[in-house]
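Each residue of the sequence shown is one higher than the one before, starting from 15 at the first, in this note's numbering.
Quick reminder that beta carbons are idealized off the backbone N, C-alpha and C, glycines included.
Report on the structure given below.
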Amino acid sequence: MARSLSQLAAEFGLDYRGSIEKLEVSGISLSSSAVEPGDLYVGVPGRNAHGARFAHVAAERGAVAVLTDPAGAELAEQSGLPVLITPDARAALGQVAAWIFRTAENPATLFAVTGTNGKTSVVYLLCGILGQLGVVSGLSSTAERRIGNTAVTSALTTPEASELHALLARMREDGVRAVAIEVSAQALSRHRVDGLVFDVAGFTNLSHDHLDDYSVMEDYFQAKVGLFDPERARRGVVTIDTPWGARLAQESRIPVTTLSTTPDGARFGDAQWRMTVTEETIMHTAFLLEAPDGRTLTTRVPLLGSFMAANAALAIVMLVESGYDLDAIAHVLERDGGIDAYIPGRAERISGERGPVVFIDYGHTPDAFTRTLDALRQVVTGRIIMVFGADGDRDTTKRAEMGAIAVRGADAVVITDFHPRSEDPAAIRAALIEGARTAVPDAELYEVPDPRAGFRAALALAGDGDVVLYAGPGHEDYQEVNGVHIPYSAREDSRLALREAGWLE
């Protein structure tokens, strides 16, 4: 529904150049090439150029006006469009998008999930259980954006505020009643969730990652803490299995409920909710969840590892905190034989009934490697062969630790290329290999640069009863080399390799 441009200027106290009377705006875009007729184009400073330089492209595509900063206003005037002026257009983007798309009027329950590992899984588990409860849901994750049964591939873990508010408006049109959104630290630091107040925010864990964006862990932690503020969320659920979680529960500025999911759960404080794993197999993980009032829920998740049970427990507690009844959740989970959820590229089994079991996993941090390898060791009687690489142009400080964890947890390791981006892929592999050799000098270790050949080398080492873990690519369908996205799906290529080896029909 279009809104008055002059009303927008008045609402936010914006100066403007040009005539804005009788103009209406029906959308907002941060990309000039994505502008639709009726949009407000937002020009912000970029890495190479100011976005206001492209106002003429936005005008050609049907933009009605430009929102930018004073420096951008001088550039945008040449487009012939009216220019609204604010000190920081990126900081204003979320609130303006919320106003244009009437986000505050959206009746859907909003869930936010943050943490280093597990965010995507919790988002999918939330939506899976909501579906079992008969609730039409939507999600935004690293893997995809989903509106009911319609899905589109994601570019960012958390989309820009303009896209996110538009997504919520589209969900409202389709009758979505609950939305789960993966919220990264960068999203909080870069205003991508501005203009939203979540009903419940959940915290999974915090471990070594993104120290290219945040110089020390304390800065990374403080970015996460920003979600647990009255301007961002009404209530929180915090997993307190680590000192970071326990500290977040103490420093939260909103009411929080705490959850423990480890055998020594009292180590970092007494949690209100307790989760205990009761069974682990290569196909599922069963657990018991105990509520503060003494009620219990016993169910299972069709995924590998106690960490997936922890993710499921967090999703259930978040649902209860938002108003869903624990007994109603228990009823539908018992009826359906457990949680019904599919998580693309997260400990995703792609092999058949014969031959080695193959998992594709998005894990690309030391903690994710540890959790998955430990989970496999609990249920695998044969060998574990691991294939992985590391991101180029990303946090380099975790590479040695990734190599060390891999050789300590797996019986054989194949190091390959992942997304080298602008870095020399040989240098990335060398850092991983050095970390591995330092940890276990005589480890069974192979260097195979091409990921297709790397997976096939790992598969050749495996037989019945063994497991091949391909960590890193997960759901992604490309490999980035020197700024070029080369089509590559680890899932599809691994299935092809299994067929070539005669293990898959």
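Selection from the options that minimises the alpha carbon distance to residue i
| i | options | result |
| --- | --- | --- |
| residue 477 | 443, 397, 511 | 397 |
| residue 429 | 447, 52, 249, 423 | 447 |
| residue 503 | 375, 516, 208 | 375 |
| residue 264 | 275, 251, 276 | 251 |
| residue 89 | 262, 45, 65, 157 | 65 |
| residue 74 | 47, 23, 507, 338 | 47 |
| residue 269 | 232, 175, 286 | 286 |
| residue 22 | 365, 87, 58, 78 | 78 |
| residue 128 | 240, 295, 15, 344 | 240 |
| residue 335 | 245, 59, 16, 126 | 126 |
| residue 99 | 120, 19, 63, 51 | 19 |
| residue 384 | 365, 349, 359, 424 | 424 |
| residue 349 | 17, 146, 138 | 146 |
| residue 218 | 436, 163, 257, 105 | 257 |
| residue 365 | 519, 138, 136, 140 | 519 |
| residue 514 | 25, 69, 473 | 473 |
Supposed close pair residue i, residue j - CB separation, criterion 8 angstroms
| i | j | result |
| --- | --- | --- |
| residue 457 | residue 427 | 7 angstroms |
| residue 14 | residue 235 | It is not possible to answer for residue 14, since the shown part of the chain is limited to 15 through 519. |
| residue 455 | residue 431 | Incorrect: roughly 24 angstroms between the Cβ atoms, too far for contact. |
| residue 370 | residue 481 | 6 angstroms |
| residue 319 | residue 389 | 3 angstroms |
| residue 150 | residue 186 | Not confirmed; about 11 angstroms, so no contact. |
| residue 333 | residue 143 | 6 angstroms |
| residue 413 | residue 445 | 4 angstroms |
| residue 40 | residue 49 | Actually they do not touch by this definition, with Cβ atoms about 12 angstroms apart. |
| residue 386 | residue 483 | 7 angstroms |
With 16 other Cβ atoms within 10 Å as the buried cut-off, status of residue i
| i | result |
| --- | --- |
| residue 467 | exposed |
| residue 439 | buried |
| residue 353 | buried |
| residue 442 | buried |
| residue 33 | exposed |
| residue 118 | exposed |
| residue 255 | buried |
| residue 520 | The question about residue 520 has no answer, for the chain in this structure spans 15 to 519. |
| residue 325 | buried |
| residue 512 | buried |
| residue 36 | exposed |
| residue 489 | buried |
Residues bridged to residue i [DSSP beta-bridge criterion]
| i | result |
| --- | --- |
| residue 374 | 362, 484 |
| residue 502 | Residue 502 pairs with nothing; no bridge assigned. |
| residue 287 | 273 |
| residue 173 | Paired residue(s): none; residue 173 is not in a bridge. |
| residue 435 | 495 |
| residue 64 | 59 |
| residue 334 | DSSP, once it has assigned bridges, lists no residue as partnering residue 334. |
| residue 402 | 429, 485 |
| residue 153 | 160, 194 |
| residue 80 | 55, 97 |
Straight-line gap, residue i to residue j (C-alpha atoms, nearest Å)
| i | j | result |
| --- | --- | --- |
| residue 301 | residue 381 | 22 angstroms |
| residue 123 | residue 351 | 26 angstroms |
| residue 346 | residue 204 | 39 angstroms |
| residue 419 | residue 411 | 14 angstroms |
| residue 210 | residue 113 | 11 angstroms |
| residue 291 | residue 323 | 7 angstroms |
| residue 80 | residue 310 | 55 angstroms |
| residue 372 | residue 509 | 9 angstroms |
| residue 132 | residue 97 | 42 angstroms |
| residue 116 | residue 94 | 28 angstroms |
| residue 534 | residue 76 | Here the chain has residues from 15 to 519 only, and residue 534 is not among them. |
| residue 159 | residue 206 | 15 angstroms |
| residue 284 | residue 449 | 37 angstroms |
| residue 416 | residue 72 | 44 angstroms |
| residue 422 | residue 453 | 8 angstroms |
| residue 294 | residue 276 | 14 angstroms |
| residue 212 | residue 367 | 43 angstroms |
| residue 38 | residue 247 | 31 angstroms |
| residue 30 | residue 83 | 11 angstroms |
| residue 313 | residue 402 | 32 angstroms |
| residue 501 | residue 486 | 16 angstroms |
| residue 342 | residue 197 | 28 angstroms |
| residue 308 | residue 216 | 22 angstroms |
| residue 194 | residue 378 | 23 angstroms |
| residue 272 | residue 245 | 21 angstroms |
| residue 167 | residue 157 | 6 angstroms |
| residue 17 | residue 53 | 11 angstroms |
| residue 179 | residue 110 | 10 angstroms |
| residue 329 | residue 321 | 12 angstroms |
Below-8 angstroms beta-carbon distance, residue i vs any chain B residue
| i | result |
| --- | --- |
| residue 273 | The structure shown has no chain B; it contains just one protein chain. |
Heavy atom of the ligand HEM within 7 angstroms of residue i beta-carbon
| i | result |
| --- | --- |
| residue 247 | In the structure on display, the ligand HEM does not appear, and there are no ligands present to speak of. |
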